[in-house]
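Scroll down for the structure; my scribbles are underneath it.
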Ligand SMILES: Cc1cc2nc3c(=O)[nH]c(=O)nc-3n(C[C@H](O)[C@H](O)[C@H](O)COP(=O)(O)OP(=O)(O)OC[C@H]3O[C@@H](n4cnc5c(N)ncnc54)[C@H](O)[C@@H]3O)c2cc1C
Ligand code: HEM
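Residue numbers (the numbering used here): 4 to 354.
Below you can see the structure in the form of structure tokens.
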């Protein structure tokens, strides 16, 4: 250890000096520190710097095997790509929502809706990204199945990009869950906002002015009851998936149970979340005023990819395709036409 340290930089020498200091009593330590500072021509360290070096020392000396260099240990390598993808998606959805919900009213009517950014805009960005990530968890499985059906075998390896994508589904799923939870918390906080309370008062005042006694709209009531309920069930299932992916829980499940949970509950969660977004949209799909600056509302764009994944999955469950897929999974291979021709040629020669 000392040999390595002697070849190390000046900072490590300072650390050595500090290591010795730890062993000495307080008074002695202070005297030595003064002396060392003079000898090594090192400025006196502040308390924070000292703590930092001592923590480094404790970890280096006692907790990590000597062969391991802490600085070279990888940091969340499996999460790099999923996190980058999440950041890109969030940025794009944020810009889109900002343009529609804040910029358009400002440019068109001069109304200052910038107060919407911290909650309303963010709470469109979060679920849009979450549901897109969730769809990206189940899309590669569908692509893999289509590839297997087209090739007529399960023995050909998948393309590298697909394998890589499939290997990061856990991270994508957990990120989708995380953003879904944030979205749920943001949504449940809506009525707490002062802006909401002022709006409620204004609506009540306008209602009185119109001499309208009852503001109950059956359609709206049903829409909200349903989409909130679907959202809660969706987040509940995602929570189950997240819990089952903890190693301590996954270890108690056998392979079939784990795959069943991840596959079936996962698809049900995707279905519930997509239904949640669609019911939230309700009739807004056809209302012309929703298409500001000729752009579709975010819930339409958010539900496109998950709805496509669900539709293709439903098609794959059709008996004609499902039966062939089961055969492929059991090891059946479609006879190669070239091989067939060779075999029939050899047969005719023998005759
Ligand atoms: C909150 C959350 C947590 C999650 N945690 C985890 C987790 O801990 N671990 C995890 O793995 N996933 C996790 N996921 C991801 C997700 O649940 C799974 O990827 C899910 O099992 C996908 O199912 P699938 O049917 O689409 O794909 P698959 O089960 O991969 O099947 C797709 C098709 O490809 C075929 N196939 C797959 N691999 C091969 C292969 N090597 N060779 C030949 N054929 C193959 C299958 O037979 C099938 O036809 C999580 C998701 C969420 C939302
Ligand atoms: C407790 C659970 C949930 C509640 C209470 C909830 C509530 C809401 C609310 C109030 C809205 C309307 C937001 C607005 O007016 O701007 C909404 C929209 C939406 N939610 Fe949820 N939600 C929940 C879970 C989820 C989950 C798990 C997902 C997906 C992973 C999801 C995806 C969406 C989408 C895509 C929209 C449309 C957003 C848009 O306009 O672009 N929700 N939800």
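For every residue, glycine included, the Cβ atom is placed at its ideal position computed from N, Cα and C.
Could you tell me the distance, in whole angstroms, from the CA atom of residue 237 to the CA atom of residue 189?
16 Å
Among 281, 257, 245, 252, whose alpha-carbon lies nearest the alpha-carbon of residue 268?
245
Take residue 166 and list the residues in its own chain whose beta-carbon comes closer than 8 Å to its own, dropping the five residues that flank it on each side.
160
Taking the alpha carbon of residue 196 as the point to measure from, which residue in 121, 83, 76 has its own alpha carbon closest?
121
Report the rounded CA-to-CA distance for residue 270 versus residue 211, giving the unit in angstroms.
47 Å
Could you pull the start and end residues of the alpha helix (DSSP H) that residue 93 belongs to?
83-101
Around the Cβ of residue 263, are there at least 16 other Cβ atoms within 10 angstroms (buried) or fewer (exposed)?
exposed
Taking 8 Å as the cut-off, is the CB of residue 308 close to at least one heavy atom of ligand 1?
no
Using the three-state DSSP reduction, which class does residue 228 fall into: helix, strand or coil?
helix
Below 9 Å between beta carbons: does that hold for residue 139 and residue 175?
yes
Got a sec, what are the start and stop residues for the alpha helix (DSSP H) residue 190 sits in?
172-191
Return helix, strand or coil for residue 217, following the three-state DSSP convention.
coil
State whether the region 179-186 contacts the region 68-87, with contact taken as three or more CB pairs (one from each stretch) at a distance under 8 Å.
no
Any heavy atom of ligand 1 within a distance shorter than 8 Å of the CB on residue 315?
no
Less than 8 Å between C-beta atoms, sequence neighbours within five positions excluded: which residues of the same chain meet that for residue 301?
96, 99, 100, 103, 127, 131
Do residue 233 and residue 187 have their CB atoms nearer than 9 Å?
no
How would you label residue 338, buried or exposed, when you count the other beta carbons within 10 angstroms and need 16 or more for buried?
exposed
Any contact between the region 143-161 and the region 314-323? By contact I mean 3 or more CB pairs, one from each, below 8 Å.
yes
From the DSSP output, in three-state form, read off residue 74 for me.
helix
Suppose contacts are defined by Cβ-Cβ distances below 9 Å. Is residue 137 in contact with residue 276 by that definition?
yes
What three-state label does DSSP hand residue 296 in the structure shown?
helix
Buried or exposed, going by whether 16 or more other CB atoms sit within 10 Å of the CB of residue 142?
buried
So what does DSSP say about residue 339, is it helix, strand or coil?
coil
Would you decide whether residue 219 is buried or exposed? Buried here means 16 or more other CB atoms lie within 10 Å of its CB.
exposed
Is the beta carbon of residue 125 sitting closer than 9 Å to the one on residue 312?
no
Residue 179 beta carbon less than 9 Å from that of residue 134
yes
I'd like the list of long-range same chain contacts for residue 198, defined as Cβ closer than 7 Å, with 5 residues on each side in sequence excluded.
118
Tell me whether residue 95 counts as near ligand 2, meaning its Cβ is closer than 8 Å to at least one heavy atom of that ligand.
no
Residue 248 beta carbon near ligand 1 (any heavy atom closer than 8 Å)
yes
Which word fits residue 258, buried or exposed, when buried means at least 16 other C-beta atoms lie within 10 angstroms of its C-beta?
exposed
Please indicate yes or no: does the CB of residue 133 lie closer than 8 Å to some heavy atom of ligand 2?
yes
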